[in-house]
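Below is one structure; the comments refer to it alone.
Numbering (the numbering used here), first residue to last: 528 to 636.
Here it is, written out as structure tokens:
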């Protein structure tokens, strides 16, 4: 029940975040991924993270929730139907192939 509540909370927080700030673009690369936040179609912030920061992945019917350990734990929701290139199954295989994935906890809801 706890992973489901965390995923639900992350989705609600993400929805509130998107309403307040605009939208988020997440790009996945070979060794890292980048989160860009846009407000009024203007780029307001950019952050790049290593896959080593992923401590767990919660999979729901519509989301991949990436839990990152930085100065505190952050949850980044990735909507399964939001991929511009590839699809949700390509993404799962991509993340699975990352060596750090073996150290992260995967929970399916």
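Where a beta carbon is used, it is the ideal one built from N, C-alpha and C, also for glycine.
Taking residue i as the reference, which of the options has the closest Cα?
i	options	result
residue 551	598, 572 and 558	572
residue 591	601, 599, 615 and 598	615
residue 554	623, 624, 625 and 612	612
Can you tell me whether residue i is helix, strand or coil according to DSSP?
i	result
residue 578	helix
residue 556	coil
residue 612	coil
For residue i, list the residues DSSP reports as bridge partners.
i	result
residue 595	581 and 601
Indicate whether residue i and residue j have their beta-carbon atoms separated by less than 9 Å.
i	j	result
residue 581	residue 619	no
residue 605	residue 595	no
residue 588	residue 557	no
query = Just checking, does the stretch 575–587 make contact with the stretch 553–563 on the three C-beta pairs under 8 Å criterion?
reply = The stretch 575–587 makes contact with the stretch 553–563; the number of CB pairs closer than 8 Å reaches 3 or more.
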